[in-house]
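K.L.:
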Amino acid sequence: MFDLPDSPAANSTDSSRLLAPVEIIDVMIDLRIQMSELEQQIQSLQPAFFAACLALNTDKIALERAIITRKLTPGQWTYSPDIGEQEALLKQLKRQFQQLHEPTSGRDVTWAIKLLLTTA
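Under our numbering, the sequence shown is numbered contiguously, ending at residue 122.
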C-alpha cells in the first residue's frame, strides 16, 4: 500500500514522495477491488446478520463498537388511476423541462472506475 502525502502543500518540496499519476490510479484501482470484495462479503453475511438481529428481539442493539437500530423500509401504496396519470404527466413535463434547460447545479467533473473481471 502506498502512503499518499497528507496534503499537496505539506510535502511539495519532497518530490520523491509524490506518486506518478499512473501509480495513483493503480492505488485507486487496488482500493476499489478491495471495496468490491468487502461488498461481496457484506452481501453474503447480510441474511445471517438480519437473522441475528431478529433473534435478539429488540429495536436497538448497543455494542461497544456500534449501535444497531431497526428501521422500516418505505411503504408502498396503490394509488387511484387518476393519481398515476398525474404522476406520469409530471414525469413527462420534468423530462421536457430538463431537455430545454441547463441544470442549475450538480454538474461536477468526476472519474469513474469500471473494474474488469479477470479469471485467476
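Where a beta carbon is used, it is the ideal one built from N, C-alpha and C, also for glycine.
Do residue 61 and residue 75 count as a contact pair if the criterion is CB distance below 8 Å?
P.N.:
As a first step, residue 75 must be located in the sequence shown, where it is residue number 73. As a first step, residue 61 must be located in the sequence shown, where it is residue number 59. Contact: no.
K.L.:
Please report the residue range of the alpha helix (DSSP H) in which residue 64 lies.
P.N.:
One-based indexing of the sequence shown puts residue 64 at position 62. Not the alpha helix (DSSP H): residue 64 falls in the beta strand (DSSP E), residues 62-64.
K.L.:
For my contact list, residue 115 and residue 26 are in at a C-beta cut-off of 8 Å; report their separation, rounded to the angstrom.
P.N.:
In the sequence shown, the residue the question calls residue 115 occupies position 113. In the sequence shown, the residue the question calls residue 26 occupies position 24. Wrong, their Cβ atoms sit about 12 Å apart, outside the cutoff.
K.L.:
With distances taken between CB atoms, is the gap from residue 46 to residue 117 smaller than 8 Å?
P.N.:
Mapped onto the sequence shown, residue 46 falls at position 44. Mapped onto the sequence shown, residue 117 falls at position 115. Their beta carbons are not under 8 Å apart, which means residue 46 does not touch residue 117 by this criterion.
K.L.:
Between which two residues does the beta strand (DSSP E) harbouring residue 70 extend?
P.N.:
Position 68 of the sequence shown holds residue 70. First-last of the beta strand (DSSP E) with residue 70: 69-71.
K.L.:
Is the beta carbon of residue 44 less than 8 Å from the beta carbon of residue 55?
P.N.:
By 1-based counting over the sequence shown, the position of residue 44 is 42. By 1-based counting over the sequence shown, the position of residue 55 is 53. The answer is no: Cβ separation not under 8 Å.
K.L.:
So what's residue 42 in DSSP terms, helix, strand or just coil?
P.N.:
Taking the sequence shown and counting its residues from 1, one reaches residue 42 at position 40. Residue 42 falls in the helix class under three-state DSSP.
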